[in-house]
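**Student:** Take 68 as the starting number for the sequence shown in the working numbering and just add one per residue.
All C-beta atoms, glycine included, are put in the ideal place defined by N, C-alpha and C.
Only a predicted model underlies this, so the values are computations on that prediction, with no experimental measurement involved.
One structure is given below, represented as structure tokens, and several questions about it will come after.
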Amino acid sequence: MGVDLHTHSTFSDGTTTPEENVALARAAGLEGFALTDHDTLDGLDRAAAASRAAGLEFVPGVELSAEWRRGGEIVSVHVLGYWPDPSDSALVAECARLRGEREDRARAMVERLAALGAPVPWARVQALAGQAPIGRPHIAAALVEAGHVESVDEAFTAYIGEHRPAYVAKHALPPVEAVRLVRAAGGVVVLAHPELTFPAAVGAEGRGVTDPAVRALFEELVAEGLAGVECDHPAQTPAAIAAWRRITADHGLVATGCSDFHGENKAVRIGSCTTEPTVVHTLRAQASAASRSEESQPW
Ligand code: AMP
Ligand code: FE
Ligand code: FE
Ligand code: ZN
68 MGVDLHTHST FSDGTTTPEE NVALARAAGL EGFALTDHDT LDGLDRAAAA SRAAGLEFVP
128 GVELSAEWRR GGEIVSVHVL GYWPDPSDSA LVAECARLRG EREDRARAMV ERLAALGAPV
188 PWARVQALAG QAPIGRPHIA AALVEAGHVE SVDEAFTAYI GEHRPAYVAK HALPPVEAVR
248 LVRAAGGVVV LAHPELTFPA AVGAEGRGVT DPAVRALFEE LVAEGLAGVE CDHPAQTPAA
308 IAAWRRITAD HGLVATGCSD FHGENKAVRI GSCTTEPTVV HTLRAQASAA SRSEESQPW
């Protein structure tokens with residue numbers, strides 16, 4: 068039971084179609100799920116139609132890549148937007164810009180791989196991405212195919228993970244701008260997987276965000292209208308989940324749960340962590356696009 072508020076499909080770096088996500092969510096006994104592909108809204112219509120047919124609650128979403136500059140370091144901060152207006156021109160333009168940015172960056176990574184003695188054909192990377200904005204998992208799959216590594220995981224640890232030799236960062240909006248963009252499009256914002264993004268930024272439960280730079284950023288996001296924090300995530304530790312839950316409650320925000328399903332690209336199953344339906348309804352009530360009349364509702 069529950070709602071899985073973060074899944075990916077072939078419209079970004081998942082390996083299942085939106086319809087397959089619907090079927091898997093149904094088979095897992097979920098009440099609903101969200102499709103939150105990276106930097107695109109393109110899969111939402113299909114997921115909505117299949118959910119309607121299956122009698123599942125569907126939450127339209129997007130996972131925007133934002134970029135936080137911390138000293139000389141660039142930290143990729145993932146911002147989940149739910150129920151945004153899909154025709155919002157600023158949001159659509161940013162998704163298009165990010166798609167182009169991802170392509171340039173993927174080309175640069177492929178060039179680095181060639182220089183490192185692990186060449187992959189650019190055409191294969193493009194084919195593996197298909198309709199999706201190109202992501203590192205597509206490059207990882209090309210590396211496996213070419214026999215340079217045994218697994219996607221090895222591709223990340225050897226070549227394309229952060230701080231590895233073929234890694235190239237994307238240029239994206241600062242997190243505060245990403246929150247504003249989703250809010251201006253009528254959507255609701257949840258901070259994705261905070262422990263993965265800010266490892267060791269929180270103390271034991273009750274001690275709050277102990278890293279001062281992360282605390283300042285978090286306070287800024289809250290001031291911009293952050294509605295929730297993705298506490299339950301299969302890759303986060305019980306201690307961090309407890310600490311972030313407490314911080315979330317202390318700020319009057321809601322705690323969400325998800326699988327961050329990526330099909331074959333990650334070992335988690337849809338519904339492995341979920342969000343209470345009442346929490347989903349609390350979030351929905353804050354979405355202006357979703358509270359318009361049925362007729363004008365895109366989903
Ligand atoms: P990108 O948005 O192109 O930077 O790629 C990020 C994607 O790579 C995210 O969906 C991550 O879940 C995925 N990813 C990051 N590290 C790993 C890893 N070690 N193994 C598999 N997927 C990963
Ligand atoms: Fe991903
Ligand atoms: Fe993410
Ligand atoms: Zn994700």
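1. Pick out the complete alpha helix (DSSP H) segments inside the stretch 147-189, 4 residues or longer, and give them in chain order.
2. Kindly indicate the opening and closing residues of the alpha helix (DSSP H) around V285.
3. Just to check, is the beta-carbon of R164 closer than 7 Å to a non-hydrogen atom of ligand 1?
4. Can you round the beta-carbon distance between T103 and E124 to whole angstroms, since I take them to be within the 8 Å contact cut?
5. Measure the Cβ-Cβ separation of H238 and D80 and say whether it is below 8 Å.
6. Under the three-state reduction of DSSP, which class applies to I308: helix, strand or coil?
7. Please state whether DSSP places T77 in a helix, a strand or coil.
8. Looking at C-alpha atoms only, which residue of A268, T349, G197 is the closest neighbour of A310?
9. Taking the alpha carbon of A208 as the reference point, which residue from A173, P241, V235 has its own alpha carbon closest?
10. With a threshold of 8 Å, are at least 3 pairs of Cβ atoms found where one atom belongs to the stretch 110-117 and the other to the stretch 133-143?
11. Listed by chain order, which residues have C-beta atoms less than 7 Å from any heavy atom of ligand 3?
12. By the 10 Å Cβ neighbour count, where 16 or more other Cβ atoms means buried, how is G167 classified, buried or exposed?
13. P305: buried (16+ other C-beta within 10 angstroms of its C-beta) or exposed?
14. Please indicate yes or no: does the CB of H73 lie closer than 7 Å to some heavy atom of ligand 4?
15. Between H145 and A259, is the Cβ-Cβ spacing less than 8 Å?
16. What residue does the alpha helix (DSSP H) around A114 start on, and which one ends it?
17. Pick out whichever of S76, P344, E262 has its Cα sitting closest to the Cα of G202.
**Tutor:** So, from the data block:
1. Whole alpha helix (DSSP H) segments, 4+ residues: 156-182.
2. Looking at the sequence itself, residue 285 is Phe, so the reference to Val does not match. 279-290 is the extent of the alpha helix (DSSP H) around F285.
3. For R164, the CB stays at least 7 Å from every heavy atom of ligand 1.
4. No, T103 and E124 are not in contact; Cβ-Cβ is about 15 Å, not under 8 Å.
5. No, the pair does not count as a contact, with Cβ atoms beyond the cut-off.
6. Under the three-state reduction of DSSP output, I308 falls in the helix class.
7. In this structure, T77 counts as coil in the three-state DSSP scheme.
8. Considering only alpha carbons, the answer is A268.
9. Cα-wise, what sits closest to A208 is A173.
10. Three or more Cβ pairs closer than 8 Å define a contact, and the stretch 110-117 falls short of that threshold against the stretch 133-143.
11. Qualifying residues come out as E130, H145, A259, H260, D327.
12. Within a 10 Å sphere around the beta-carbon of G167 sit fewer than 16 other beta-carbons, which makes this residue exposed.
13. A residue is called buried when at least 16 other Cβ atoms come within 10 angstroms of its Cβ; P305 does not meet this threshold and is exposed.
14. Taking the Cβ of H73 as the reference point, at least one heavy atom of ligand 4 falls within a distance shorter than 7 Å.
15. Yes, these two residues count as a Cβ contact at 8 Å.
16. 111-121 is the extent of the alpha helix (DSSP H) around A114.
17. Residue S76 is the option with its Cα nearest to G202.
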